[in-house]
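**Q**
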Amino acid sequence: MLGVWAKRLVSLVALTASAAGAVATEGGLRQSREAAQERLTPPAPILRHFTFGHRRGVSALLWVQTLAWYGGEAIKLQGKQFADPDKLRHTKRQIDLIIELDPQFSDPYLFAGMLFAYDGKAPLLGISYLEKGVEQFPDNYRFAFYAGALYMHLLRDDAKASDLFLKASRLPEAPVYLAGLASDLKRRESGTETALQTLQALLRENLPEETAVLIRAEVTTLRAVYETEKALDAYKRRFGPPASLEDLVKTGYLNQLPVDAAGDPLQLTAEGKIRARGQARDY
Amino acid sequence: MMWPLAKYTFLESIRDRIYLGFFTGLVVLNLLFLAVGSSPWGLTNHIVERLGWLAVDVMLSLLTAIYAVNNLNRERERKILYGHLTLPLGRSRYLLGKALGITMSLTLLAFVGATVIIVGDWYLTAVESVPFHMYWMVPSVMLKCMILLGYAILLTQLSSSALTATLFTLGLYLISNGAEELLGLAANLSGLSRTLVEGVYYLIPNLQLVDFEQASLYAGGVTPERLGLGLGYAAAYVTATLVLACLVFGRKDL
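Sequences listed follow chains E and X, in order. Its first residue numbered 1, the first sequence is counted upward by one per residue in the numbering used here. Its first residue numbered 1001, the second sequence is counted upward by one per residue in the numbering used here.
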């Protein structure tokens, strides 16, 4: 009799344990599924050695997965910044793996550059991806251009931005305004003479005609600005600040009113700086 | 007599359920990748081309392993083989005819797969010109498949069951397609395990030697040297495996 009850008890305990186990497993599975969906952690160490010869295809699949995940997260954030450190860390792992599997795939470098710089508020990390892109794709101007833009906008480092814009301006399909932008920054950072020398050196290179035309015009303007600045300095030493550039002509420091490459007169700003009409900033 | 058998095998293949299943699967998969590639997520033709190449490569290799073994084994099980062997056709020629017929049917599928990707890529993802370079996937995948086919035929003769031969061929595909990764793995190991992994690397065919994806997609085309190396390597392996298979089949008690 006792044996029967013992069997029933054991059966009941086993049944309860099984049910509890099933519930726990289901809960665990659901949690782990959510965690997996949240993180989408790829088994990186395994993937590195076991793509079975399909590195580029696996890289493309991971890229689609990353974009789909990022898109979903971006929708959830409704326009707010994608700044969760865990999510950024996960994205970095994914991007690193994609690049490692297929280093000649250009999109991840640009994506990581912009994502980490703006959303992650880590401009240097973003720039490091763009610089890797510069090394990997020496004929593609975009990487140097975007790296320069990040230096200019986020790090306020005009010298580096100018160098990168100049580098980009030499490459095929680069927008023609890049050399002018580089010259503007160079002038703000190191003065008109350095900007002029940089552009003159650039003109000696084999540039696309469209870019060369623009740089020649910029050189003409910068030369006029440079000559005017020298005359202005000499005038100031003797008479103090002038009321207008006409004072420099009247006193013989300039032969005529200076003009830029388009024939528009240069202007003297209230701060005593020379400004060409086409330039975005006063100096 | 070898050519009629090859033609018969080709016509039989393209009506086969396994072949048609892979055919449909490949076309659907490629259309799916085209849909992904032309979606408004900003994906490029890069994705379409690489995923398309991946699909053709994997599907054709799987089909080779599964269909070749199945075809040869089925003829033996259904006694069709005896009918063929009553013809003035040696056993070696029978195997070579089957190999040729299966290769023809695989080539057709590779062409269709490549064409779906090329036309779709050109039409949907706004590439400037028709990406004809993607046709390099046909010789690349076919050389791989021919090496696998040689092994599949040899393993069919060596093993008693179709399942074993299929599994071995599939295993061989997985390992030999990632042969370079095997070498990379060996570099991270030491002692006996390293020697073993290196040993496996030298034993198996290196299918990456006949893989033209990198050269075709990034290096501006496949050089004659690269093509010559791939063709020579594949020819050597296919010849060796088929000769061995013919020797085994010639002595086999049917």
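For each residue, glycine too, the CB sits at the ideal point set by N, CA and C. Owing to the predicted nature of the structure, the values given are computational and were not obtained by experimental measurement.
Which of the three DSSP states, helix, strand or coil, is assigned to residue 197(E)?
**A** The residue given as residue 197(E) occupies position 197 in the first sequence. Helix.
**Q** Within 8 Å (strictly less), CB to CB, does residue 1071(X) reach chain E?
**A** Start at 1 with the first residue of the second sequence, and residue 1071(X) comes out as number 71. Not closer than 8 Å to any Cβ of chain E, the Cβ of residue 1071(X) fails to qualify, so no.
**Q** Report the start-end ranges of each alpha helix (DSSP H) in the segment 169-257 of chain E that is 4 residues or longer and not cut off at the edges.
**A** Within the segment 169-257 of chain E, the complete alpha helix (DSSP H) runs of at least 4 residues are 177-190, 192-203, 209-239 and 245-250.
**Q** So is residue 209(E) buried or exposed if we call it buried at 16+ other beta carbons inside 10 Å?
**A** Locating residue 209(E) in the first sequence gives position 209, counting from the first residue. It is exposed - the Cβ of residue 209(E) has fewer than 16 other Cβ atoms within 10 Å.
**Q** Buried or exposed for residue 1080(X), going by 16 or more other Cβ atoms inside 10 Å?
**A** Here residue 1080(X) corresponds to residue number 80 of the second sequence, with the count starting at 1. The residue is exposed, with fewer than 16 neighbouring Cβ atoms inside 10 Å.
**Q** Measure the C-alpha to C-alpha separation of residue 9(E) and residue 20(E) and round it to an integer number of angstroms.
**A** Along the first sequence, read from residue 1 onward, the residue named residue 9(E) stands at position 9. Along the first sequence, read from residue 1 onward, the residue named residue 20(E) stands at position 20. Taking the straight line joining both Cα atoms gives about 16 Å.
**Q** Write down the C-beta distance between residue 125(E) and residue 152(E) rounded to the nearest angstrom, noting that I regard them as a contact closer than 8 Å.
**A** Locating residue 125(E) in the first sequence gives position 125, counting from the first residue. Locating residue 152(E) in the first sequence gives position 152, counting from the first residue. With 8 Å as the limit, residue 125(E) and residue 152(E) do not qualify as a contact, their Cβ atoms being about 17 Å apart.
**Q** Can you name, in chain order, every residue of its own chain whose Cβ lies under 8 Å from the Cβ of residue 1240(X), other than the five neighbours on each side?
**A** For the purposes of this step, residue 1240(X) is taken as the residue at position 240 of the second sequence. Once the five neighbours on either side are set aside, the close Cβ partners of residue 1240(X) are 1150.
**Q** Alpha carbons only, please: which of 109(E), 119(E), 121(E) and 96(E) is nearest the one belonging to residue 145(E)?
**A** Looking up residue 145(E) in the first sequence gives position 145. Out of 109(E), 119(E), 121(E) and 96(E), 109(E) has the C-alpha closest to the C-alpha of residue 145(E).
**Q** What residues in its chain sit with their C-beta under 7 Å from that of residue 1141(X), if we drop five residues either side in the sequence?
**A** Taking the second sequence and counting its residues from 1, one reaches residue 1141(X) at position 141. Once the five neighbours on either side are set aside, the close Cβ partners of residue 1141(X) are 1056, 1057, 1060 and 1110.
**Q** Does residue 1169(X) pass the burial test, meaning 16 or more other C-beta atoms within 10 Å, or should it be called exposed?
**A** As a first step, residue 1169(X) is located in the second sequence; it is residue number 169 there, counting from the start. When all chains shown are included, residue 1169(X) counts as buried.
**Q** Going by alpha carbons, who is nearest to residue 222(E) out of 242(E), 165(E) and 265(E)?
**A** The residue you call residue 222(E) lines up with position 222 of the first sequence. When only C-alpha atoms are compared, the closest one is 265(E).
**Q** As a quick exercise: from 52(E), 94(E) and 158(E), pick the residue whose alpha carbon is nearest that of residue 68(E).
**A** Along the first sequence, one-based indexing puts residue 68(E) at 68. Among 52(E), 94(E) and 158(E), the Cα nearest to that of residue 68(E) belongs to 94(E).
**Q** Cutting at 6 Å between CB atoms, please list the residues of its own chain near residue 112(E), excluding the five before and the five after it.
**A** Indexing the first sequence from 1 puts residue 112(E) at position 112. Excluding sequence neighbours, residue 112(E) sits near 95 and 129.
**Q** Does the beta carbon of residue 1121(X) come closer than 8 Å to any beta carbon on chain E?
**A** Within the second sequence, numbered from 1, the residue matching residue 1121(X) stands at position 121. False, the Cβ-Cβ gap to chain E never drops below 8 Å.
**Q** Identify which residue in 167(E), 160(E) and 189(E) has its Cα closest to the Cα of residue 179(E).
**A** On the first sequence, position 179 is the one that residue 179(E) refers to. With distances taken between Cα atoms, residue 179(E) lies closest to 167(E).
**Q** Please state whether DSSP places residue 1089(X) in a helix, a strand or coil.
**A** By one-based count along the second sequence, residue 1089(X) stands at place 89. DSSP places residue 1089(X) in coil when its eight states are reduced to three.
**Q** Give the C-beta separation of residue 58(E) and residue 66(E) to the nearest angstrom, bearing in mind that I take them to be a contact with Cβ-Cβ under 8 Å.
**A** Numbered from 1 along the first sequence, position 58 holds the residue referred to as residue 58(E). Numbered from 1 along the first sequence, position 66 holds the residue referred to as residue 66(E). No, residue 58(E) and residue 66(E) are not in contact; Cβ-Cβ is about 12 Å, not under 8 Å.
**Q** Pull the bridge partners of residue 274(E) from the DSSP assignment, please.
**A** As a position in the first sequence, residue 274(E) is number 274, starting the count at 1. Per DSSP, 268(E).
**Q** Indicate whether at least one CB of chain A lies closer than 8 Å to the CB of residue 1141(X).
**A** Checking the listed chains, one finds no chain A in this structure; the protein chains it contains are E and X.
**Q** Taking the straight line between their C-alpha atoms, what separation do you get for residue 38(E) and residue 74(E)?
**A** Taking the first residue of the first sequence as 1, we reach residue 38(E) at position 38. Taking the first residue of the first sequence as 1, we reach residue 74(E) at position 74. Model confidence at residue 38(E) stands at a pLDDT of 49, short of 50, so the residue's coordinates are unreliable and nothing is read from them.
**Q** Please confirm if residue 1044(X) has its CB atom under 8 Å from at least one CB of chain E.
**A** Here the question's residue 1044(X) lines up with position 44 in the second sequence. Closer than 8 Å to some Cβ of chain E, the Cβ of residue 1044(X) qualifies, so yes.
**Q** Output the distance between the C-alpha atoms of residue 164(E) and residue 203(E), rounded to the nearest integer angstrom.
**A** What you label residue 164(E) is simply residue 164 of the first sequence in a count that begins at 1. What you label residue 203(E) is simply residue 203 of the first sequence in a count that begins at 1. So the two alpha carbons sit approximately 17 Å from each other.
**Q** For residue 115(E), which residues from the same chain have a beta carbon less than 6 Å from its beta carbon, with the 5 sequence-adjacent residues on both sides left out?
**A** Counting from 1 along the first sequence, the entry for residue 115(E) is found at position 115. Closer than 6 Å at the Cβ level, and outside the excluded window around residue 115(E), lies no residue.
**Q** Who are the Cβ neighbours of residue 1252(X) in its own chain at under 7 Å, not counting the five residues just before and after it?
**A** Within the second sequence, numbered from 1, the residue matching residue 1252(X) stands at position 252. Correct list, in chain order: 1157.
**Q** Taking a Cβ distance cut-off of 7 Å, strictly less, list which residues of the segment 1165-1197 of chain X are near chain E, in chain order.
**A** Residues 1174, 1177, 1178, 1181, 1184 and 1185.
**Q** Label residue 34(E) either buried or exposed according to how many other C-beta atoms from any shown protein chain fall within 10 Å of its C-beta, with 16 as the threshold for buried.
**A** For the purposes of this step, residue 34(E) is taken as residue 34 along the first sequence, with counting starting at 1. Below a pLDDT of 50, predicted positions are generally treated as unreliable, and residue 34(E), at 46, falls in that range; the measurement from the model is reported next regardless. By the neighbour-count rule (16 or more Cβ atoms within 10 Å), residue 34(E) is not buried but exposed.
**Q** Along chain X, in chain order, which residues have C-beta atoms closer than 8 Å to that of residue 60(E)?
**A** Locating residue 60(E) in the first sequence gives position 60, counting from the first residue. 1046, 1047, 1050, 1051 and 1054, listed in chain order.
**Q** Please report the residue range of the alpha helix (DSSP H) in which residue 1195(X) lies.
**A** Counting from one through the second sequence, the residue named residue 1195(X) turns up at place 195. Here the alpha helix (DSSP H) through residue 1195(X) covers 1191-1203.
**Q** May I ask you to list, following chain order, the residues of the segment 1207-1236 of chain X that have a beta carbon less than 7 Å from some beta carbon of chain E?
**A** Correct list: 1207, 1208, 1211, 1213 and 1218.
**Q** Output yes or no for whether 8 Å exceeds the beta carbon distance between residue 1010(X) and residue 1101(X).
**A** The count along the second sequence starts at 1 and reaches residue 1010(X) at position 10. The count along the second sequence starts at 1 and reaches residue 1101(X) at position 101. Closer than 8 Å, so yes.
**Q** So, are the CB atoms of residue 1229(X) and residue 1203(X) less than 8 Å apart?
**A** For the purposes of this step, residue 1229(X) is taken as residue 229 along the second sequence, with counting starting at 1. For the purposes of this step, residue 1203(X) is taken as residue 203 along the second sequence, with counting starting at 1. No; because the gap between Cβ atoms is not below 8 Å, this pair is not in contact.
**Q** Compute the Euclidean distance between the alpha carbons of residue 1114(X) and residue 83(E), then round it to the nearest angstrom.
**A** Locating residue 1114(X) in the second sequence gives position 114, counting from the first residue. Locating residue 83(E) in the first sequence gives position 83, counting from the first residue. Taking the straight line from one Cα to the other gives about 41 Å.
**Q** For residue 1201(X) and residue 1214(X), what's the separation of their Cα atoms in angstroms?
**A** Within the second sequence, residue 1201(X) is the residue found at index 201, counting from 1. Within the second sequence, residue 1214(X) is the residue found at index 214, counting from 1. Cα-Cα distance, rounded: 21 Å.
**Q** On the DSSP letters alone, give me the boundaries of the alpha helix (DSSP H) that residue 261(E) sits inside.
**A** Taking the first sequence and counting its residues from 1, one reaches residue 261(E) at position 261. Here residue 261(E) belongs to no alpha helix (DSSP H), and DSSP marks it neither H nor E.
**Q** Could you pull the start and end residues of the alpha helix (DSSP H) that residue 1061(X) belongs to?
**A** For the purposes of this step, residue 1061(X) is taken as the residue at position 61 of the second sequence. From DSSP, the alpha helix (DSSP H) with residue 1061(X) extends over 1045-1077.
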